[in-house]
Amino acid sequence: MLTNEQLRFYQDNGYLLVEDVITNEQLKILQEITYEFIDKSRTLTESNDVYDLDEGHCAEQPRLTRIKLPHKQHQYFDDILKKSGVTEVLRDILGANATLLTSKLNTKSPGGGAAVEWHQDWAFYPHTNDNLLAFGLMLEDVTIENGPLQVIPGSHKGPILSHHSNGVFCGAINPDDPNFNRERITTLTGRAGSMTIHHARTLHGSAPNESNRPRLILFYEIARSDAWPILGASSYFHGLGQDGFWEDLQDRMIIGQPCTEPCVENVPVRMPLPPAPNASSIFQTQKSGGAKSVFT
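In terms of our numbering, the sequence shown is residues 6 to 301.
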């Protein structure tokens, strides 16, 4: 599905935007399911295993930061990963065997929906090699006003910056780090049905949503199957035990088969420990860990 030019761009820059990766019918179904989930959150007064509530959430005006693990909340979120144009893009980049690490549906609310401070995904879940990526499937048009993903091209080839503050893992870099080249920031906007892809080591973040529209993006984090986790901050499967992990791994296979012979490469690793006081999501990790904001 991807051209050689697109693959070279991804390899050189650590990110890619692919337009119209799913059909209009698939997009409509995803939108309907998502708004049903948002509607069901009206009765909640605090976050739970499915929802992360944003400040100001109420029955009259539901405000969420995230729907957690959507691939486990509704079958269609799993199907779109394994049976769509998305699948072919992943095959082109990662090869014949790829594994889902986790998923989330970021539902950045209108009028100031929470920012995601700048970070590298790799800091959260170091692996035996860095053939990992995350992609965001846009469920609504994403514009400059509603907090789009921003990346620093080529940062996937640079160092892993410190994501610690006051002695704990805060899930964000210090904006004063000299390796944070903010003058190179690139903003990724696009039409609903488009897909952004970024390497696990690419520096990225997103500003608050200052528009009057939600920013709905379905994120999945993916590894080539021979990349095995060393540790994962808040990764649910680390608590499953050996049998449970193996069973869950079968469900997380996107293409191909599990690999039990990890490819071990010389990659930079710093454990995401000790954890922040509240590590239930990236938002809580950054807030409770005392991350310094780029956006204030």
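Virtual Cβ for every residue (Gly too), placed ideally from N, Cα, C.
Do residue i and residue j have their C-beta atoms within less than 8 Å of each other?
{"i": "Pro75", "j": "Ser114", "result": "no"}
{"i": "Ile287", "j": "Ala103", "result": "no"}
{"i": "Val269", "j": "Asn134", "result": "yes"}
{"i": "Val147", "j": "Arg220", "result": "yes"}
{"i": "Ile222", "j": "Thr194", "result": "no"}
{"i": "Ala228", "j": "Leu106", "result": "yes"}
{"i": "Ser199", "j": "Glu24", "result": "yes"}
{"i": "Arg71", "j": "Asn111", "result": "yes"}
{"i": "Pro279", "j": "Phe129", "result": "no"}
{"i": "Gln155", "j": "Thr207", "result": "no"}
{"i": "Asp97", "j": "Met6", "result": "yes"}
{"i": "Gln31", "j": "Val55", "result": "no"}
{"i": "Ile43", "j": "Ser89", "result": "no"}
{"i": "Lys73", "j": "Asp57", "result": "yes"}
{"i": "Val91", "j": "Leu142", "result": "yes"}
Can you tell me where the beta strand (DSSP E) with residue i in it begins and where it stops?
{"i": "Lys73", "result": "Leu69 to Lys73"}
{"i": "Arg220", "result": "Arg220 to Arg229"}
{"i": "Val121", "result": "Val121 to His124"}
{"i": "Thr201", "result": "Met200 to His204"}
{"i": "Ile259", "result": "Met258 to Ile260"}
{"i": "Leu105", "result": "Ala103 to Lys113"}
Tell me which residues share the same chain as residue i and place their Cβ nearer than 6 Å to its Cβ, disregarding the 5 neighbours each side in the sequence.
{"i": "Ala101", "result": "Gly261"}
{"i": "Arg257", "result": "Thr104 and Leu105"}
{"i": "Gln66", "result": "none"}
{"i": "His243", "result": "Gly237"}
{"i": "Asp126", "result": "Ala139 and Ala205"}
{"i": "Leu99", "result": "Arg229"}
{"i": "Asn179", "result": "Lys297"}
{"i": "Ala64", "result": "Arg47"}
Per DSSP, what are the beta-bridge partners of residue i in this structure?
{"i": "Gln155", "result": "Thr192 and Gly210"}
{"i": "Tyr56", "result": "Ile72"}
{"i": "Met6", "result": "According to DSSP, Met6 bridges with nothing at all."}
{"i": "Lys45", "result": "The partner list for Lys45 (beta bridge, DSSP) is empty, contrary to what the question assumes."}
{"i": "Phe140", "result": "Ile202 and Tyr225"}
{"i": "Gly118", "result": "Asn214"}
{"i": "His132", "result": "Pro234"}
{"i": "Ser170", "result": "Val173"}
{"i": "Val147", "result": "Gly195"}
{"i": "Val23", "result": "Met200"}
Need the endpoints of the alpha helix (DSSP H) that residue i sits in, please.
{"i": "Asn9", "result": "Asn9 to Asn18"}
{"i": "Gln66", "result": "Counting along the chain, Gln66 falls outside any alpha helix (DSSP H), and DSSP gives it neither H nor E."}
{"i": "Glu93", "result": "Gly90 to Leu99"}
{"i": "Asp84", "result": "Gln80 to Lys87"}
{"i": "Ser293", "result": "Ile287 to Ser293"}
Leaving aside the five residues before and after residue i along the sequence, list all residues of the same chain whose C-beta is less than 7 Å from its C-beta, in chain order.
{"i": "Pro213", "result": "Gly117, Gly118, Ala119, Ala120, Gly152 and Phe300"}
{"i": "Cys175", "result": "His168, His169, Ala281, Thr290, Gln291, Gly294, Gly295 and Ala296"}
{"i": "Trp233", "result": "His132, Thr133 and Pro267"}
{"i": "Arg189", "result": "Ile157 and Pro158"}
{"i": "Phe250", "result": "Phe242"}
{"i": "Glu93", "result": "Met6"}
Here's a check: name, in chain order, each residue in its chain whose Cβ is nearer than 8 Å to the Cβ of residue i, leaving out the five neighbours to either side.
{"i": "Gln16", "result": "none"}
{"i": "Asp231", "result": "Asn102, Thr133, Asn134, Asn136, Cys264, Glu266, Pro267 and Cys268"}
{"i": "Gly246", "result": "none"}
{"i": "Gly172", "result": "Pro279"}
Indicate whether the contact test is met: 3 or more Cβ pairs, each with one atom in the region 128 to 144 and one in the region 202 to 212, closer than 8 Å.
Judged by Cβ distances under 8 Å, the region 128 to 144 makes contact with the region 202 to 212, as three or more pairs qualify.
Answer yes if the region 121 to 129 comes into contact with the region 291 to 299, meaning at least three C-beta pairs across the two stretches below 8 Å, and no otherwise.
Below 8 Å, enough C-beta pairs join the region 291 to 299 and the region 121 to 129 to call them touching: three or more.
With a threshold of 8 Å, are at least 3 pairs of Cβ atoms found where one atom belongs to the region 179 to 189 and the other to the region 10 to 19?
Contact between the region 179 to 189 and the region 10 to 19 is absent, with fewer than three C-beta pairs closer than 8 Å.
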